[in-house]
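Enquirer: The sequence shown stops at residue 416 when you use the working numbering, and every number in between is there.
For glycine and all other residues, C-beta sits at the position ideal for the given N, C-alpha and C.
These figures come from a predicted structure and were not determined experimentally.
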Amino acid sequence: MSSDRHFVIVGGGLAAAKVAEALRDKDFGGTVTLIGAEEHLPYDRPPLSKEHLAGKKAFTEFIVQPAQWYRDHHVDVRLGTTVTGLDAAAKTVTLPDGSTLPYDKLALATGSTPRTLSIPGADAPNVYTLRTIEDSDTLIELFGGGTRRIVIIGAGWIGLEVAAAARAADVEVTIVELGDLPLRAALGPEMGQVFADLHRANGVDFRFGAQVEAITTEDAIATALANGVRLADGSTIEADAVLIAVGARPNVELAADAGLAVDDGVLVDERLVTSDPDIVAVGDIAAHRHPVLDRRIRVEHWANALNQPAVAAATMLGKEVAYDRLPYFFTDQYDLGMEYTGYAAPGEYARVVVRGDRAAREFVAFWLDSDNRVLAGMNVNVWDVTDRIKELILAGAPVDPDRLADTGTSL
6 MSSDRHFVIV GGGLAAAKVA EALRDKDFGG TVTLIGAEEH LPYDRPPLSK EHLAGKKAFT
66 EFIVQPAQWY RDHHVDVRLG TTVTGLDAAA KTVTLPDGST LPYDKLALAT GSTPRTLSIP
126 GADAPNVYTL RTIEDSDTLI ELFGGGTRRI VIIGAGWIGL EVAAAARAAD VEVTIVELGD
186 LPLRAALGPE MGQVFADLHR ANGVDFRFGA QVEAITTEDA IATALANGVR LADGSTIEAD
246 AVLIAVGARP NVELAADAGL AVDDGVLVDE RLVTSDPDIV AVGDIAAHRH PVLDRRIRVE
306 HWANALNQPA VAAATMLGKE VAYDRLPYFF TDQYDLGMEY TGYAAPGEYA RVVVRGDRAA
366 REFVAFWLDS DNRVLAGMNV NVWDVTDRIK ELILAGAPVD PDRLADTGTS L
């Protein structure tokens, strides 16, 4: 391969860093430029709502690679730089000063942005979202600095993980959720109830079926602090801080403006190639045609950002590869550790089989289709079973639900 080729990576998170790593690991000898909007070197994001927020891991411990690695591997890193335009026909990206940077191959790893709410008070200074290290550090300061009550809007992964950290700091937590359970879209009602019970046991107050009408403030000026949340039924929940945790939107604007195919993400094939053959997309933005699941999925979890880049880099180098890993994610909340493998969309599974002690939160749950084939599995405080879960899913064969539930029967 010609050493004068120039590969550009747009994005400054884990996925971007891993594309750069993979290119060098695969002996690409050309120029690699990584352009990230944050001022920090690429870092892992799970600790922001887990170990870092809990005070168990310093920022330096989850930077993907130190600055010396990029120097040693001749990766041109441009931090604090937002790409403002992409011309796919000319094969250039535009930088903030108006200059352009040419590329032979381009990797988009632009990540996602927390969704917010268009309601009064949402822009108050003590209303927060969580996406960056600065956001996590701010919450750490709040929990250690006298904040007594926080209202969290949204009962998804971020909302629940922040709730666990807040309760560990003895902060009162109220979670307001439009649905009837936490994590219903991700886990369904059967396992959503497990997390509702877990948080209630640790002192969290849930308000389910609740529509937020406004975030109340001390007075009407723009700099006024939030002091509560008003619900559509007229009730108000007092708070010293509010976290909006209602999901994230993929940062697809650059791709869309360039004319790439976009639909709730940048559309990519099995090789992670976009509608432009010289551009790949990875991580949160990649709406990927999965060759095993035989459907298009977009997964906003760490495992995709970690594992997709190796395939993307190989694709950029002209190799025939496919990204076929099953979706995977994990969480740690209070004394519950969990791993989830596979994909069971809401309304697309027939039953959930539990193997182990659900009440003690030591079990494995399996989502089965109408033919008793395993679609997904979730191990809760039970370890070293992920590979067995993968095997059951990939086998695509019916299982006996009673034997599956029997801990005396080997998986």
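Inspect the beta-carbon positions of Pro51 and Ala253 and report whether they are closer than 8 Å.
Expert: no
Enquirer: Please list, in chain order, all residues of the same chain as Val156 whose beta carbon is under 6 Å from its beta carbon, the five residues on each side excluded.
Expert: Thr179, Val234, Ile242, Ala244 and Val247
Enquirer: Going by C-alpha to C-alpha distance, which of Asp77, Ala72, Asp92 and His78 sits closest to Val84?
Expert: A small correction: the amino acid at residue 84 is Leu; Val does not occupy that position in the sequence shown. Leu84 has its Cα closest to that of Ala72, out of Asp77, Ala72, Asp92 and His78.
Enquirer: In three-state terms, what does DSSP make of Asp289?
Expert: helix
Enquirer: May I have a chain-ordered list of the beta strand (DSSP E) segments no shorter than 3 residues that lie completely inside the region 58 to 131?
Expert: 80 to 83, 90 to 92, 97 to 99, 105 to 107, 110 to 113 and 117 to 119
Enquirer: I'd like the list of long-range same chain contacts for Pro194, defined as Cβ closer than 7 Å, with 5 residues on each side in sequence excluded.
Expert: Leu186
Enquirer: If you draw a straight line from the alpha carbon of Glu353 to that of Ile226, how long is it in whole angstroms?
Expert: Cα-Cα distance, rounded: 48 Å.
Enquirer: Quick check on Gln338: does DSSP put it in helix, strand or coil?
Expert: strand
Enquirer: Check for me: the beta strand (DSSP E) holding Trp372 runs from which residue to which?
Expert: Per DSSP, Trp372 belongs to the beta strand (DSSP E) from Glu367 to Leu373.
Enquirer: Along the chain, where does the beta strand (DSSP E) containing Pro255 start, and where does it finish?
Expert: Ala253 to Pro255
Enquirer: In angstroms with no decimal places, state the Cα-to-Cα distance between Asp140 and Gly214.
Expert: 28 Å
Enquirer: So, does the region 393 to 409 touch the region 348 to 367, judging by three or more C-beta pairs under 8 Å?
Expert: yes
Enquirer: When you compare only the Cα positions, how much space is there between Glu26 and Thr414?
Expert: 42 Å
Enquirer: For the alpha helix (DSSP H) that contains Gly197, what are its first and last residues?
Expert: Arg189 to Ala206
Enquirer: If you drop the 5 nearest sequence neighbours on each side, which residues of the same chain put their C-beta closer than 7 Å to that of Lys31?
Expert: Ala318, Ala319 and Leu322
Enquirer: Val24 to Met343, Cα distance in whole Å?
Expert: 28 Å
Enquirer: For Val381, which residues does DSSP report across the bridge?
Expert: The question names Val, but residue 381 is Ala in the sequence shown. In the DSSP output, where bridge partners are listed per residue, Ala381 has Gly347 and Trp372.
Enquirer: Quick check: Val379 and Phe368, are their CB atoms within less than 8 Å of each other?
Expert: no
Enquirer: Which class does Leu236 belong to by DSSP, given the choice of helix, strand or coil?
Expert: strand
Enquirer: Just the C-alpha distance for Met6 and Lys324, rounded to the nearest angstrom, thanks.
Expert: Reliability of the predicted coordinates at Met6 is poor, the pLDDT of 47 falling under 50, and the value obtained from them is presented with this limitation in mind. Cα to Cα, Met6 sits roughly 12 Å from Lys324.
Enquirer: What does DSSP give as the partner residues of Asp299 in its beta bridges?
Expert: DSSP lists no partner for Asp299.
Enquirer: Excluding five sequence neighbours on each side, which residues of the same chain lie with their C-beta closer than 6 Å to the C-beta of Leu397?
Expert: Val379.
Enquirer: His293: which of Arg303, Ala191, Gly161 and Leu311 sits nearest, CA to CA?
Expert: Per the Cα distances, Arg303.
Enquirer: How far does the alpha helix (DSSP H) with Arg408 in it reach, from first residue to last?
Expert: Pro406 to Ala410
Enquirer: Please name the residue in Leu236, Thr228 and Ile290 whose C-alpha comes closest to that of Ala260.
Expert: Ile290
Enquirer: So, are the CB atoms of Ile124 and Ala219 less than 8 Å apart?
Expert: The answer is yes: Cβ separation under 8 Å.
Enquirer: For Glu218, name the three-state secondary structure that DSSP assigns.
Expert: strand
Enquirer: Excluding five sequence neighbours on each side, which residues of the same chain lie with their C-beta closer than 6 Å to the C-beta of Asp109?
Expert: Arg10 and His11
Enquirer: Val13 and Leu106 look like a contact to me (Cβ under 8 Å); what is the Cβ gap, rounded to whole Å?
Expert: 6 Å
Enquirer: Buried or exposed for Glu43, going by 16 or more other Cβ atoms inside 10 Å?
Expert: buried
Enquirer: Assuming Leu135 contacts Ile163 under a Cβ cut-off of 8 Å, what Cβ separation, rounded to an integer in Å, is found between them?
Expert: 6 Å
Enquirer: Are the beta-carbon atoms belonging to Val98 and Val88 less than 8 Å from one another?
Expert: yes
Enquirer: Are the CB atoms of Thr115 and Leu100 nearer to each other than 8 Å?
Expert: no
Enquirer: Taking the beta carbon of Gly161 as the centre, do at least 16 other beta carbons fall within 10 Å, making it buried, or is it exposed?
Expert: buried
Enquirer: I need the DSSP call for Glu275, collapsed to helix, strand or coil.
Expert: coil
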